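If you're matching them up, the sequences are chains A and B in order.
If you use UniProt numbering, the first sequence corresponds to residues 1 to 152, in order.
If you use UniProt numbering, the second sequence corresponds to residues 1 to 152, in order.
Ideal Cβ positions, reconstructed from N, Cα and C, are used throughout, including at glycine.
Values in this document were obtained by computation on a predicted structure and should not be read as measured data.
See below for the structure under consideration.
Protein chains: 2
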Amino acid sequence: MTVEEALQILQDKGYKYTGRRETLIRILDREDRYVTAKDLLEEMQEIYPELSFDTIYRNLGLFHELGIVSMTELAGERRYRMRCNLPEHHHHMICLICGKTREIKACPLDAMWGDPEGFQITDHKFEVYGYCQACIDAGRGEEVFSEQAPVY
Amino acid sequence: MTVEEALQILQDKGYKYTGRRETLIRILDREDRYVTAKDLLEEMQEIYPELSFDTIYRNLGLFHELGIVSMTELAGERRYRMRCNLPEHHHHMICLICGKTREIKACPLDAMWGDPEGFQITDHKFEVYGYCQACIDAGRGEEVFSEQAPVY
DNA sequence: TTCTAAATCGTAATGATTCTGTTTCATTGT
DNA sequence: ACAATGAAACAGAATCATTACGATTTAGAA
């Protein structure tokens with residue numbers, strides 16, 4: 001998903017253009033990895049110091065609804081990223097340190113034959129977690145997700 | 001995982017036996033599906049009216065650490081269940097209405113050849129969501145997870 | 001039975017997310 | 001360009017799940 005495509009979607013659906021929305025989309029695009037609402041707020045506040053969480057959440061909610069962003073939970077925290085542009089259905093490897101992702105083209109559901117007996121499938125999640133080369137090389141590993149959110 | 005096995009693990013690791021712990025384990029075992037901490041508190045309070053959330057979370061944390069319970073997030077809420085007893089690694093289909101699970105023996109990672117270039121895998125998640133036959137037959141669908149936690 | 005550390009209680013703190021009332025602003029029609 | 005309209009944003013409070021803390025109780029060992 002490019003910035004332009006995202007803005008186009010908003011316009012097509014009749015949502016208003018605002019500088020905040022465009023900026024938020026640009027930040028998501030630039031980050032290109034899973035980040036928290038707080039991360040986004042802090043980046044937004046460099047430009048709009050008065051910006052409130054409300055605006056972040058409201059827009060993330062809208063963007064998610066419109067398929068502009070993806071959401072997942074890592075180490076007990078919700079994280080968001082610009083939905084990636086690969087048109088085909090696919091999955092991701094996610095770096096637990098920096099949140100960057102890498103595509104996995106195969107989908108395990110393809111290996112199953114439709115709905116199993118007595119269960120109607122509506123959705124699924126396949127995510128592989130670990131460390132990306134950049135984080136390994138940089139010796140990172142204790143910073144970002146390290147204080148592993150309490151297990152419960 | 002049976003109640004006895006769970007209690008044995010606690011004893012082996014030197015944790016104290018308490019009626020509350022045993023009761024919590026028995027409830028988890030009886031439920032045999034993903035439930036919220038609140039669900040557990042309410043069931044526990046039928047027996048121990050004074051029981052606090054602290055006790056629920058502290059024990060769930062401990063149990064999770066010891067591999068007695070599994071945790072996942074459905075519709076924005078953390079849910080817990082007694083870890084199932086299948087000894088081999090496997091995954092689950094999860095009913096979005098009642099939280100019951102069904103095993104999937106295959107693991108998509110088996111289809112991959114070790115770590116991909118430049119990514120060190122530490123963990124993964126594969127879950128299939130939908131509706132179980134019992135919930136379909138009972139015409140459920142609007143109750144349990146229906147007020148879909150806001151998308152964001 | 002006594003002692004000690006662990007477990008629990010009671011309650012407060014935290015932190016993320018959501019909501020409400022008011023104000024500002026983008027868009028549309030004049 | 002200007003005013004009207006409704007959406008978006010603001011400010012701050014409310015809510016909810018989760019975690020933390022000091023005091024008390026209890027399990028298990030001596």
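Excluding the 5 residues flanking A:E73 on each side, which residues of the same chain have their C-beta closer than 8 Å to its C-beta?
Result list for A:E73: R79, in chain order.
Would you verify that the beta carbon of A:H124 is, or is not, closer than 8 Å to some beta carbon of chain B?
True, the Cβ-Cβ gap to chain B drops below 8 Å.
With H, G and I counted as helix, E and B as strand and the rest as coil, what does DSSP make of A:D39?
In this structure, A:D39 counts as helix in the three-state DSSP scheme.
Flag this pair as yes or no: are the beta carbons of B:I104 and B:V69 separated by less than 8 Å?
No, they are not a contact pair.
Looking only at DSSP bridge pairs, what is B:Q120 linked to?
Paired residues: A:Y131.
Is A:Y80 helix, strand or coil when you go by DSSP?
Strand.
Find the residues of chain B that neighbour A:C132, judging by a C-beta separation of less than 9 Å, and give them in chain order.
In chain order: G118, F119 and Q120.
To the nearest angstrom, how far is it from the Cα of A:L96 to the Cα of A:M1?
Distance between the alpha carbons of A:L96 and A:M1: 23 Å.
Considering only their Cβ atoms, is the gap separating A:T23 from A:I47 smaller than 8 Å?
Yes. Within cutoff.
Distance check for A:C107 and B:L86, CA to CA, integer angstroms please.
The straight-line gap from Cα to Cα measures roughly 24 Å.
By the three-class DSSP mapping on this structure, what secondary structure does residue 154 of chain B have?
Only positions 1 to 152 of chain B appear in this structure, which leaves residue 154 of chain B out of reach.
Suppose you measure from the CA of A:K16 to the CA of B:S52; what does that come to, to the nearest Å?
Approximately 47 Å, taken between the alpha carbons.
Using DSSP bridges, identify the partner residues of B:K125.
Paired residue(s): A:E127.
Kindly indicate which three-state DSSP category A:T23 falls into: helix, strand or coil?
Residue state, collapsed to three classes: helix.
Verify the CB distance criterion: does B:A75 have a CB-CB separation below 8 Å to chain A?
With 8 Å as the cut-off, B:A75 does not count as an interface residue toward chain A.
State buried or exposed for A:C135, treating a residue as buried only when at least 16 other CB atoms are found within 10 Å of its CB.
Under this definition A:C135 is a buried residue.
What does the Cβ neighbour count give for A:T101, buried or exposed, with the cut at 16 atoms within 10 Å?
That one is buried.
Within the same chain, show all residues whose beta-carbon is closer than 8 Å to that of B:Q11, passing over the 5 residues directly before and after it, in chain order.
So the list reads Y17, once near-sequence residues are dropped.
Anything in the stretch 93-113 of chain B with a Cβ closer than 9 Å to a Cβ of chain A? List those residues in chain order, please.
Against chain A - using a Cβ distance shorter than 9 Å - the residues of the stretch 93-113 of chain B are M93, C95, L96, R102, I104, A106, C107, P108, L109, A111 and M112.
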